[in-house]
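> The sequence shown begins at 90 in the numbering used here and counts up by one. Cβ coordinates follow ideal geometry from the N, Cα and C atoms, glycine included. Let me begin by handing over the structure; questions about it come next.
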Amino acid sequence: MKKIPLALMAIAVLSGISTAFADTSDIKAANNQVGFQLVSTYVDYTETGDGVLIPPGTLDTEKGPVPGYALSVSTMHDLWLGNDYIEAEYDHASGNTKYMGGLLGPPPTPYGSVVSTSGAALTNFSARYGAGFMVNDQFMLTPYLELGHHEWDRAVNMGELYTHNYYGIGVLAQYTPANRTVLSARATFGHTFGSNIAINGAFSGPLGNSALFRVGAAADYAFVQNLHATLDIEYTSFNYGISALYPLGGGYYGWEPDSSTKYTTVRIGLGAAF
90 MKKIPLALMA IAVLSGISTA FADTSDIKAA NNQVGFQLVS TYVDYTETGD
140 GVLIPPGTLD TEKGPVPGYA LSVSTMHDLW LGNDYIEAEY DHASGNTKYM
190 GGLLGPPPTP YGSVVSTSGA ALTNFSARYG AGFMVNDQFM LTPYLELGHH
240 EWDRAVNMGE LYTHNYYGIG VLAQYTPANR TVLSARATFG HTFGSNIAIN
290 GAFSGPLGNS ALFRVGAAAD YAFVQNLHAT LDIEYTSFNY GISALYPLGG
340 GYYGWEPDSS TKYTTVRIGL GAAF
């Protein structure tokens with residue numbers, strides 16, 4: 090009788106375990122649920138001078154974590170293309186960030202000469218549609234289209250509200266390494282539109298739009314068939330372009346400089362599968 094090397098036997102056993110513990114139904118269960126998450130969004134915002142109205146360089150920054158919550162619902166069923174994927178999300182966060190800047194004058198003071206805290210409220214709506222393709226029994230790829238809306242109520246000066254919409258395309262990759270466990274990664278490339286700023290008691294006007302980039306990773310574990318624990322981390326980056334000049338009276342003008350915004354968001358929560 091021919092002997093089978095121990096290493097080959099181990100590989101065969103592990104392969105059998107992997108097949109037994111991995112099932113595409115786990116991926117579909119993760120894609121058919123209503124969820125509630127606690128959220129922490131780290132804000133990293135920077136305004137810069139344009140070198141025309143004021144010297145180039147950093148004007149002010151806001152940084153810090155802002156806590157909140159999120160609601161989500163997703164479904165995957167055979168509707169039109171097969172494994173049609175629909176997801177909608179809402180999240181809201183409210184707290185404070187660390188503000189660092191300077192005075193425009195006269196006379197102006199350098200960046201870093203003014204340090205304080207600033208209130209921040211973040212609100213997001215988004216919706217996706219895509220179709221999943223099974224690569225093998227453990228792996229699914231889902232290209233999708235996404236639309237969304239973002240608001241940042243910034244409690245500086247008299248109060249400033251930044252808003253924009255965005256559209257994008259992306260892909261969701263999901264892998265189930267073991268029974269009841271789904272790991273995922275996603276990337277979205279898009280563009281903002283309808284960017285606007287409204288400053289209380291002063292002016293409201295459009296801002297420049299920009300490319301939008303988002304990447305994320307998540308884990309979903311089913312305690313039982315219908316109760317899931319979720320963990321998600323996501324990074325988002327976009328810019329606002331300089332606004333026009335707006336009269337404020339008395340010979341003064343208001344405007345909004347170029348800025349860059351980066352968010353790092355962590356969500357942890359529970360989901361009810363259906």
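Assuming Asp180 is part of the beta strand (DSSP E), what are its boundary residues?
Against the sequence shown, residue 180 aligns to sequence position 91. Taken as a continuous stretch (DSSP letters only), the beta strand (DSSP E) holding Asp180 covers 173 to 190.
> What does DSSP give as the partner residue(s) for Pro156 in the beta ladder?
As a working note, residue 156 is residue 67 in the sequence shown. According to DSSP, which records beta bridges pairwise, Pro156 is partnered with Ser129.
> So what does DSSP say about Ile286, is it helix, strand or coil?
The sequence position of residue 286 within the sequence shown is 197, counting from 1. Ile286 falls in the strand class under three-state DSSP.
> For the beta strand (DSSP E) holding Ser207, just list the boundary residues, first then last.
Looking up residue 207 in the sequence shown gives position 118. It spans 203 to 220 - the beta strand (DSSP E) in which Ser207 sits, taken as one unbroken run.
> Would Asp139 pass as a contact of Pro346 if the rule is Cβ separation under 8 angstroms?
Locating residue 139 in the sequence shown gives position 50, counting from the first residue. Locating residue 346 in the sequence shown gives position 257, counting from the first residue. The answer is yes: Cβ separation under 8 angstroms.
> For the region 321 to 355, which segments carrying the beta strand (DSSP E) assignment without a break, of at least 3 residues, lie completely within its bounds, in sequence order?
Entirely contained in the region 321 to 355, the beta strand (DSSP E) runs reaching 3 residues are, in chain order, 335 to 338, 341 to 343.
> How many angstroms separate the CA atom of Arg269 from the CA atom of Phe312?
Taking the first residue of the sequence shown as 1, we reach residue 269 at position 180. Taking the first residue of the sequence shown as 1, we reach residue 312 at position 223. One C-alpha to the other measures close to 8 angstroms.
> Let me check understanding here. Comparing Cα to Cα, which of Leu127, Met229, Pro199, Pro156 lies closest to Tyr174?
Within the sequence shown, the letter at position 85 stands for residue 174. Here the closest residue by C-alpha is Met229.
> With C-beta atoms as the reference, is Met189 less than 8 angstroms away from Asp133?
Here residue 189 refers to the residue found at position 100 of the sequence shown. Here residue 133 refers to the residue found at position 44 of the sequence shown. For Met189 and Asp133, no; Cβs fall outside 8 angstroms.
> Residue range of the beta strand (DSSP E) that Asp242 falls in?
Working through the sequence shown from its first residue, we reach residue 242 at position 153. Its beta strand (DSSP E) spans residues 228 to 244.
> Which word fits Met247, buried or exposed, when buried means at least 16 other C-beta atoms lie within 10 angstroms of its C-beta?
As a working note, residue 247 is residue 158 in the sequence shown. With fewer than 16 Cβ atoms within 10 Å of its Cβ, Met247 is classed as exposed.
> Buried or exposed for Phe327, please, with buried defined as at least 16 other CB atoms from any protein chain shown within 10 angstroms of its CB.
As a working mapping, residue 327 is identified with position 238 in the sequence shown. That one is buried.
> Find the nearest neighbour of Gln263 within the set Ala318, Leu127, Ser273, judged by alpha-carbon distance.
As a first step, residue 263 is located in the sequence shown; it is residue number 174 there, counting from the start. It is Ser273 whose Cα lies nearest to the Cα of Gln263.
> Determine the extent of the alpha helix (DSSP H) in which Ala307 is found, giving its start and end residues.
Working through the sequence shown from its first residue, we reach residue 307 at position 218. Ala307 -> not in any alpha helix (DSSP H); beta strand (DSSP E) instead, spanning 300 to 313.
> Starting from the C-beta of Ser348, find all residues in its chain whose C-beta is less than 6 angstroms away, skip the five residues before and the five after it, and write them out in chain order.
The sequence position of residue 348 within the sequence shown is 259, counting from 1. The residues are Glu136, Tyr329.
> Per DSSP, which residues does Asp149 bridge with? Please list them.
As a working note, residue 149 is residue 60 in the sequence shown. Asp149 is bridged to Glu136.
> Find the nearest neighbour of Val204 within the set Val245, Asn254, Leu359, judged by alpha-carbon distance.
Looking up residue 204 in the sequence shown gives position 115. The residue with the shortest Cα to Cα distance from Val204 is Val245.
> Measuring straight from C-alpha to C-alpha, what distance separates Arg356 and Ala216?
Sequence index remark: in the sequence shown, residue 356 carries index 267 (1-based). Sequence index remark: in the sequence shown, residue 216 carries index 127 (1-based). Going from the Cα of Arg356 to the Cα of Ala216 covers about 17 angstroms.
> Confirm, please, whether the CB-CB distance from Gly157 to Leu211 is below 8 angstroms.
The residue you call residue 211 lines up with position 122 of the sequence shown. The residue you call residue 157 lines up with position 68 of the sequence shown. Closer than 8 angstroms, so yes.
> Starting from Ile258 and walking both ways along the beta strand (DSSP E), at which residues does that stretch end?
As a working mapping, residue 258 is identified with position 169 in the sequence shown. It spans 249 to 267 - the beta strand (DSSP E) in which Ile258 sits, taken as one unbroken run.
> Ala182 and Thr130: beta carbons closer than 8 angstroms?
As a working mapping, residue 182 is identified with position 93 in the sequence shown. As a working mapping, residue 130 is identified with position 41 in the sequence shown. Going by C-beta atoms, Ala182 is nearer than 8 angstroms to Thr130.
> Cα-Cα, which of Gly146, Ala159, Ile288, Val141 is closest to Gly360?
Along the sequence shown, one-based indexing puts residue 360 at 271. Closest by alpha carbon: Ala159.
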